[in-house]
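Worksheet: the structure to be examined is printed underneath.
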Amino acid sequence: MIKIGDNEYILKYTVRALFIYERITGLSFSPDKLINEYTLMYAILIANNNNFNLMFEDFISLCDENPGIFLEFRRWLLDTLKRLSLFQTENQDQDPDDKKKG
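If you read the sequence shown in this note's numbering, its first letter stands for residue 1271, the second for the next number, and so on.
Following this line, the structure appears as structure tokens:
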């Protein structure tokens, strides 16, 4: 959860959020630019919160007024990506033949 203004919103890294990001930008997500991270945050909020109805400019204005919003999102995103990376590494470490035997 993240608080923006008077509302709390769900943060969840989903395929739907990535689709929305791609629809907004026309590109796959890449964390190499600050605008990409803000746009991903916006896409995640749209994808997971039916009550999120801010226009992008209004969203950015709120983030400008309270930089802690983005810092909290960034901590959450890095933690989420780290957990996903660990999960993928664990699955890759398993021998494919072991899966067939089990």
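Where a beta carbon is used, it is the ideal one built from N, C-alpha and C, also for glycine.
{"query": "Three-pair Cβ contact test at 8 Å for the stretch 1278–1288 versus the stretch 1308–1325", "result": "yes"}
{"query": "Alpha carbon of R1293 to alpha carbon of T1309, nearest angstrom", "result": "11 Å"}
{"query": "Secondary structure of Y1308, DSSP reduced to three states", "result": "helix"}
{"query": "Neighbour-count burial assignment, F1326, 16 or more Cβ in a 10 Å radius", "result": "exposed"}
{"query": "Selected residue, minimal CA-CA separation from F1329, among K1352, T1350, I1305 and G1296", "result": "I1305"}
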